[in-house]
Every structure is written in structure tokens, then in C-alpha cells.
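In our numbering, the protein residues as written are 288 to 608. Here a beta-carbon is modelled for each residue, glycine too, at the ideal position from N, C-alpha and C. Working notes for the structure below.
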């Protein structure tokens, strides 16, 4: 029987690859393979970049707390004080010399500008200076005189009707109570409050287009109906402020806080306005949007108050500078 060789002892061991160098291991000198294995075992694993801690998800911006009613009232009254400083000369922008002229001018101001009314009324009042004279006028003559204000047929009917009612029910005098004024043809609460506040000194809120737009922008109310707007605004301000508040807000709406493109960048109450940014915020561009005396242009009255800082409006047919 042939002798067993050392080879037979490893017959079932894994064969080294053909191109591998023969092992030269000795008790005192481990093979490179073994040494490498030992080194690999003892070596510290290569440091890998520690995964950075996942960035904490950004906290959602806090939703601002709804403004309390008390905070809104304080802000509203501060806006009124600021507007009083900006427009110390605020006034009704219709030319009139007595309650009857103011009543007629206010009826005519529907769906047109105060400027156009002021340009129209000198000839009208020259022809019909009293309720009695107007009540006796011919409809076609009255229509022709007020034609520039638009809707002249409907307005003519209102003027003839209210003049007749004044003569028949109030002795030819304009009454000083809202209950009586709203019984006149063509006279609603807005017109009545204009007359009471400016001809009789009775405080009232005048909710016209400008006033309604601004008080909603200021977040004083969300109401659209003029009577509801009047009711809610009256509850915010002292009664003594109602008439002048109306003038200041309307002045601001006509000069700076316009319907389509408010001049936010030139607005003196911008820090108090929750609607800032709805219009032009660039100061230079915003200044170009200013109107009337704020924009160096004539106002709406042909005969403005003495303290008005702007230019009088031109008469009908004259070219505006």
C-alpha cells in the first residue's frame, strides 16, 4: 500500500487558485494572506460619513390669531386719528349754500362724480333756487339742465317729486330728521345722513361706494349692505365722530386708496391696514397714483372751503390743468 502523503491530508481542502503564490508560512512568519487577514480584523473600520441628523421639519408658520374685537376697535380709532392728521381739511365735496341745495346736489351725485355735479348745479340753482321754483318747473327743462350728471330723466323725476313733497308736507323747508328725509322721493339713508351731518350738524355715517370699500379693506366690517355697514361702524366710533369720519374715509378713498389700484406705497396708514399690498407698494410708483390735491391736481369743488390746500375745480367746459 503506498504511503500516505501530506497531500492526502488536505485532499478535501479548497484548492488555491492556479495563479496564487505557494504559501510560505512558518511558525515565526505568517503568510501575507494571514497577516492581511489579521490586519483587516484588527484595523478599525474606515470611518464613513455619519449620516447627518435629518433636518427637523420646518415648523409651519403660526397662523396669526384672529384680531379681537377690542383690538379692532382700537386700531379703527387710531386709523381715524391718523386720517384726521392727514386730512384736517376734510369736508363735503359738494358745493351748496343751504340744505335744499345740498339735498338736490346729493341726489344728483348718484352714479357720477361730485365734480360733475358741482359743474352742473350753478345753472340749475340759478333757474330753480327754491323747492317752490323747482316743483313748478317743466320736466324737459330740468332734464336738460342736469343732463351732464347722467340718468337725467330718473333724477329729474326725483327732484320734481322731492320739491313737491317739501312744499306740500314740510312748508317748503328741508326737514332735519332722518325719518322725514327718507320719505322724500329719491332720498335714502345715505343722502339723508349727508344732509343731516353737513346742513344740520346731526352726526351720521355716510355709506357711499368709497366708504364701504375702505371699511371692508380696513376689516372693520364684512357687511356689504349699506345699512348693515352703517350699523356696525356706528358701534365702533363715538357719535361725535360719525360725520367727520365719513369725510376722512371718503377723502382717503378718492385720493390714495383707490378701487382698482390703491397707492399702498404712499399710504400714511399702511402700518395699520390689514390689506396693505393689494395695490402698488413701490413708493415712487405709488406717488404717481395720487389724485386731487395729493397729486397736485384740482379738487372737486368749484368753491372749496378756505382751508382747502388744493386748487378749485374748473367750471363746466373748462380744461382741467
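For residue 589, the residue or residues it bridges with in DSSP:
Residue 589 is not bridged to any residue.
In the structure shown, what three-state DSSP assignment does residue 411 receive?
helix
Residue 387 versus residue 418 - alpha carbon distance
7 Å
Let's see if you can read the secondary structure: which residues bound the alpha helix (DSSP H) around residue 498?
496-504
Using a threshold of 8 Å, state whether the C-beta atoms of residue 374 and residue 538 are closer than that.
yes
Given this structure, state the Cα-to-Cα distance separating residue 506 from residue 364, to the nearest angstrom.
13 Å
Do residue 494 and residue 370 have their C-beta atoms within less than 8 Å of each other?
no
From the DSSP secondary-structure annotation, give me the bridge partner or partners of residue 432.
Beta-bridge pairing links residue 432 to no other residue.
Whether residue 502 touches residue 516 by CB criterion (8 Å):
yes
Give the DSSP-derived three-state secondary structure of residue 515 in the structure shown.
helix
Would you call the region 430-450 and the region 393-403 in contact, with 3 or more CB pairs under 8 Å?
yes
Taking residue 477 as the reference, give the member of 491, 487, 558 with the closest Cα.
491
May I ask you to list the residues that DSSP assigns as paired with residue 598?
585
Can you grab the Cα-Cα spacing for the pair residue 472 / residue 424, in whole Å?
16 Å
What residue from 586, 522, 485, 531 has the CA that sits closest to residue 356's CA?
522
Reduced DSSP secondary structure (H/G/I, E/B, other) of residue 539
helix
Can you give me the C-alpha to C-alpha distance between residue 656 and residue 380, rounded to a whole angstrom?
The requested residue 656 does not occur in the structure, where the chain is confined to residues 288 to 608.
Bounding residues of the alpha helix (DSSP H) (the contiguous stretch that carries residue 249)
Nothing can be reported for residue 249: it is not among the residues displayed for the chain, which extend from 288 to 608.
According to the Cβ coordinates, are residue 469 and residue 390 closer than 8 Å?
no
CB residue 568 to CB residue 551, shorter than 8 Å?
yes
Start-end ranges of the alpha helix (DSSP H) lying completely within the region 374-409, minimum 4 residues:
386-395
Cutoff 8 Å; reference residue 602; Cβ partners in own chain excluding five residues on either side
406, 409, 589
Sorted by chain position, which residues of the same chain lie with C-beta nearer than 7 Å to residue 475's C-beta, five sequence neighbours on each side aside?
469
For residue 382, I'd like the list of residues in its chain whose CB is within less than 6 Å of its CB, leaving aside the five on either flank, ordered along the chain.
405, 588, 589, 590
Test item: CB-CB of residue 426 and residue 447 under 8 Å:
yes
Between the Cα of residue 512 and those of 526, 504, 496, 527, spot the shortest distance and give me the residue it belongs to.
496
Under 8 Å between the Cβ atoms of residue 454 and residue 422?
yes
Can you round the beta-carbon distance between residue 559 and residue 362 to whole angstroms, since I take them to be within the 8 Å contact cut?
6 Å
Can you list, in chain order, the residues of its chain with a C-beta nearer than 6 Å to that of residue 556? Leave out the 5 residues immediately preceding and following it.
366, 369
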